[in-house]
Every structure is written in structure tokens, then in C-alpha cells.
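Residue numbers (this note's numbering): 3 to 163. Backbone N, C-alpha and C define an ideal beta-carbon position, used for all residues, glycine too.
Written out as C-alpha cells, the structure is:
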């Protein structure tokens, strides 16, 4: 029984270490490891939760955030800013970018659907949009509550439509 318990603890400690990057600011990283986690589509890189692996191959502090309460920050840490109206924060959270026009490439699962994140004693809501609303967005917007689109636009096959 003791061998089984120690094996289980060892297995889960290794498992949790691969679930989050651990490299700090200015450490070397590989952009080839940047990806979306299967199932959650959360961005992952070799860097810790306050940094992302930039094209230079170095962990760089995040320049924007999508969530009200982002993971990986202590209460006294300075949080990156949320993007103003007309801009969005991409998956890697490097910097705010202007909303994308129809036909532009967009990131997976970023088509304006509200996501609510429930945590004990707090709730965070974010709008995951990258695509600009078309002029007739009121006619196209989904009012059924099924989340088909948010502002009349949709990111389908990684293209704003």
C-alpha cells in the first residue's frame, strides 16, 4: 500500500508540473511550445502565468488581460490593463490589438461569446471577441441565448465572418 501511495503522489506531482509553464521573465523559451490546452483552449507557454514566450524566444511580461481576476498574480502584483472598447487582448496576452475586420484571421474560439468564470466568492465575466461587428450587427446578432454570436460576427475556421 505504501508503494502505491508514493507512486500516486509522484505521478500527480509530475502531472501538475507540466500543466503550467515555470520560466520567469527574461528566461529563454521556445515559441514552438506555445499552444492552446486541449479541452479548455487556454493559452499555454513554457513561461509562468505572468509572462508569455515572445517571438524573440524570451519570456516577456504580459501586456494585457482578458479576465477580471487573472490566474498567477498575487494581491500586490500590478495587473496588465484590460483592453478598451474597440480592441481585444489575444490569447498570448501580449498587447491590445484593434478589432479585426471581416476576412481577417482570428484565433480559435474567439467569436464574442460571453464566458463566466465562477470561483468561490467572486465571478468574472469576459467577452471573447476579436472580430469587428458588421454595420448590420443588430440584424445578425443572436438574441436566442444560445451563444451563436455576440455582435453579428463569428470567428469560423479561424477567419472573421
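Check: Alpha-carbon to alpha-carbon, residue 146 and residue 98; Outcome: 30 Å
Check: Limits of the unbroken alpha helix (DSSP H) element including residue 73; Outcome: Looking at the DSSP string, residue 73 is not in any alpha helix (DSSP H), and its letter there is neither H nor E.
Check: Pair within 8 Å by beta-carbon distance, residue 47 and residue 66; Outcome: no
Check: Three CB pairs or more closer than 8 Å across the stretch 71-79 and the stretch 100-107; Outcome: no
Check: Span separating the alpha-carbon of residue 140 from that of residue 57; Outcome: 39 Å
Check: Beta-bridge partners of residue 45, as assigned by DSSP; Outcome: 38
Check: Rounded separation between residue 61 and residue 163 - CA only; Outcome: 33 Å
Check: Beta-carbon contacts of residue 123 that lie in its chain and below 6 Å, excluding the five residues immediately before and after; Outcome: Confidence at residue 123 is low in this model, with a pLDDT of 42, below 50, so its placement is unreliable and the value that follows should be read with caution. Contacts found: none.
Check: Limits of the alpha helix (DSSP H) - the one that residue 170 falls within; Outcome: Summary: the structure shown does not reach residue 170, with the chain confined to residues 3 through 163, and so no result is reported for it.
Check: Short Cβ contact (8 Å threshold) for residue 38 with residue 96; Outcome: no
Check: Residues near residue 160 by beta carbon distance below 8 Å, same chain, minus five either side; Outcome: 107, 108, 109, 110
Check: Separation of residue 131 from residue 143, as counted between CA atoms; Outcome: 13 Å
Check: Minimum C-alpha distance to residue 82 - residue among 105, 88, 59, 54; Outcome: 54
Check: Nearest to residue 64 (by Cα), restricted to the options 84, 157, 40; Outcome: 84
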